[in-house]
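**Q** One structure coming up, written as structure tokens, with questions to follow.
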Amino acid sequence: MDGSQQRVVDYAITDPKTLYEILKNLNINISFKDIKQPNIETLVTIYRGFLDMCLSIKAPLHDEIPIEAITNFSDDIVKSQSDTFRFLQLYSLINYFYTLMGSAYSMMEIFNPTKKMYFKQMSSVINFARFLLDELNEYGTIQDKNKAYCEKCNALLKECNDFDIKIDTLQIEAKQKKPLIDSAKKRIANLKEKQMKLREVRNKLTQKHDIAKKDEHTYTTEKDDLNEKINTLQKRMKLYETLLIKSPDRLRKDLEKTGIRIIDLQNLIKNKRLENDELKVNVDDRDRFIMIAIKTRDFLEDFFNIEIQRANVKYKEIKKMEQEIMTINYTVRELENLIDDKTKTKKAIELQVQTKTQEFEQQMAKLQREEQEISTKIQECLAQIQQRETENDQLNEEINKVVKRIQEFIALSFKQTEICQREERLISARFNAEEAYLLDFQKETLNKVEQVTKVQKSLDEFLDKAFEEFNKFKTINFNNF
1 MDGSQQRVVD YAITDPKTLY EILKNLNINI SFKDIKQPNI ETLVTIYRGF
51 LDMCLSIKAP LHDEIPIEAI TNFSDDIVKS QSDTFRFLQL YSLINYFYTL
101 MGSAYSMMEI FNPTKKMYFK QMSSVINFAR FLLDELNEYG TIQDKNKAYC
151 EKCNALLKEC NDFDIKIDTL QIEAKQKKPL IDSAKKRIAN LKEKQMKLRE
201 VRNKLTQKHD IAKKDEHTYT TEKDDLNEKI NTLQKRMKLY ETLLIKSPDR
251 LRKDLEKTGI RIIDLQNLIK NKRLENDELK VNVDDRDRFI MIAIKTRDFL
301 EDFFNIEIQR ANVKYKEIKK MEQEIMTINY TVRELENLID DKTKTKKAIE
351 LQVQTKTQEF EQQMAKLQRE EQEISTKIQE CLAQIQQRET ENDQLNEEIN
401 KVVKRIQEFI ALSFKQTEIC QREERLISAR FNAEEAYLLD FQKETLNKVE
451 QVTKVQKSLD EFLDKAFEEF NKFKTINFNN F
């Protein structure tokens with residue numbers, strides 16, 4: 001075994017697992033043991049199987065094959081066009097062989113190699129198989145991503161359909177509940193009008209209540225004034241009564257005193273007369289006594305007249321006082337009647353105020369109940385409206401998300417349509433190029449198939465002889481062939 005053969009075997013042994021996976025993906029049936037311990041038979045089967053696979057590849061008409069890939073078999077184009085890699089692998093292999101062997105070699109030399117180029121082509125086959133495995137793995141990841149993206153797109157479409165159904169149901173519910181909402185709004189407006197009217201009535205009643213309070217205050221002030229007047233009159237009446245009671249007693253006492261004095265004087269006069277009659281002494285003394293008695297009598301008469309005049313004056317004053325008391329009593333009675341009337345009117349006003357206050361309180365209670373009911377209904381309506389608004393906001397957010405997803409999906413679909421259009425243009429160009437190329441290639445291949453079959457027969461004979469010699473001598477001497 002020369003150096004090139006040893007180099008290929010060493011290169012294959014360095015990573016047998018990857019080589020086994022590569023050959024398995026290429027449908028080349030070789031055991032893992034043969035890969036670990038390679039011989040000429042395994043290498044020949046690998047090369048023969050790979051050439052059979054390359055010859056069996058046909059160009060699919062519906063795959064994307066750019067014109068650049070046909071004219072220029074570069075690695076970047078091959079990697080970027082992973083979807084059409086199966087068709088391009090034959091051309092890239094041929095291009096790779098051309099780079100190894102030079103442009104002077106023909107396709108017959110590639111498919112019917114010489115002894116020196118055999119191991120070089122084997123190493124290129126292995127390298128190309130490794131490149132093929134990497135590309136297939138990358139294509140698998142891209143395919144998985146595409147599947148996941150398609151699943152996501154399907155899920156988004158389902159969500160869009162669900163959202164459309166939800167939107168339709170919500171619109172139907174909104175249409176169904178629209179008359180209820182309108183009726184509720186009308187009821188709310190009517191209740192607001194009633195509330196305004198009740199507030200106006202309440203304001204009027206409060207004004208009446210304030211007026212009644214003012215009247216009550218005025219009545220109370222008038223009552224207090226009348227009570228003060230009555231108290232003053234009662235005090236004056238008490239004074240007059242005391243005066244009336246004290247003046248007759250005093251007069252009686254004075255009259256009793258004057259009567260006692262008169263009786264005493266009469267007794268004295270009788271005694272004096274008796275004494276004068278008995279004694280009849282001294283006419284002068286008697287005359288003097290008589291003069292004295294007359295003077296005393298005159299004095300007493302003057303005194304009694306003065307006292308009687310005073311008593312008459314006092315009696316007149318008492319009469320005047322009695323008349324004044326009668327007038328005061330009459331005014332007091334009138335004032336009492338007025339007070340009674342005022343108290344009656346006050347009681348009636350108080351009753352009216354109480355009834356009006358009770359009615360006002362009842363109306364206020366009704367208003368408060370209605371306000372509470374209205375407030376509860378308004379709160380319920382507001383809560384329902386807020387729920388509807390939150391639901392609408394959620395739906396709008398979900399719709400916006402769905403719309404964004406749909407827009408992204410539409411953008412992707414536009415991109416895909418652009419790609420499809422570009423692919424159609426490329427397919428049409430490729431088809432035209434392929435058609436021209438295949439016509440030429442068909443002519444060449446028809447001419448070369450016969451040569452290839454001849455070369456293959458000679459190669460089979462060569463391999464059989466080499467295998468027999470290897471079995472006999474355990475070595476191959478290429479000089480004998």
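The sequence shown begins at 1 in UniProt numbering and counts up one residue at a time. Cβ atoms here follow ideal geometry from the backbone N, Cα and C, with glycine treated the same way. Fair warning: this is a prediction, and the values are worked out from it, not measured in the lab.
1) Roughly how many angstroms separate the alpha carbons of M196 and R369, rounded to a whole number?
2) Look up L31 in the DSSP assignment and say whether it is helix, strand or coil.
3) On the criterion of 16 or more Cβ atoms from any shown chain inside 10 Å, does P66 qualify as buried, or is it exposed?
4) Return no unless some Cβ of chain D is closer than 9 angstroms to the Cβ of Q171.
5) Can you have a look at I211 and say buried or exposed, based on whether 16 or more other CB atoms are within 10 angstroms of its CB?
6) Taking only three categories from DSSP, how would you classify Q362?
7) What does the Cβ neighbour count give for L23, buried or exposed, with the cut at 16 atoms within 10 Å?
8) Just verifying my parser: in three-state terms, what is the DSSP assignment at Q37?
9) Could you check the C-alpha separation between K166 and N27 for me, to the nearest Å?
10) Give the secondary structure of F87 by DSSP, where H, G and I count as helix, E and B as strand, and everything else as coil.
11) Once you ignore the five residues that flank K79 on each side, which residues in its own chain have a CB closer than 6 angstroms to its CB?
12) Measure the alpha-carbon distance for D168 versus N203 and round it to whole angstroms.
13) When the Cα atoms are used, what is the spatial distance from I245 to L274?
14) How many Å lie between F85 and L170 at the Cα?
15) How big is the Cα-Cα spacing for K175 and D182?
16) Around the C-beta of I35, are 16 or more other C-beta atoms found within 10 angstroms, so that it is buried, or is it exposed?
17) Pull up the distance between the alpha-carbon of E200 and that of D164, whole angstroms please.
**A** Checking against the coordinates, here is how it stands:
1) 15 angstroms
2) Before going further, note that residue 31 is Ser rather than Leu in the sequence given. S31 falls in the coil class under three-state DSSP.
3) Because the pLDDT of P66 is 46, which lies under 50, any placement of that residue in the model is unreliable, and the number read from its coordinates should be weighed accordingly. P66 comes out buried.
4) This model lacks chain D altogether; it includes just one protein chain.
5) exposed
6) helix
7) buried
8) coil
9) 53 angstroms
10) Its pLDDT being 46, under 50, F87 is placed unreliably by the model, and the measurement read from it follows with that caveat. DSSP places F87 in helix when its eight states are reduced to three.
11) Reliability of the predicted coordinates at K79 is poor, the pLDDT of 49 falling under 50, and the value obtained from them is presented with this limitation in mind. Result list for K79: empty, nothing under 6 angstroms.
12) 50 angstroms
13) Caution is warranted here: a pLDDT of 47 is assigned to I245, below 50, making its placement in the model unreliable, and the coordinate value is therefore given only provisionally. Rounded to whole angstroms, I245 to L274 spans 43 angstroms at the Cα level.
14) At F85 the pLDDT is 45, less than 50, meaning the model places this residue with poor confidence and gives no usable figure here.
15) 11 angstroms
16) buried
17) 51 angstroms
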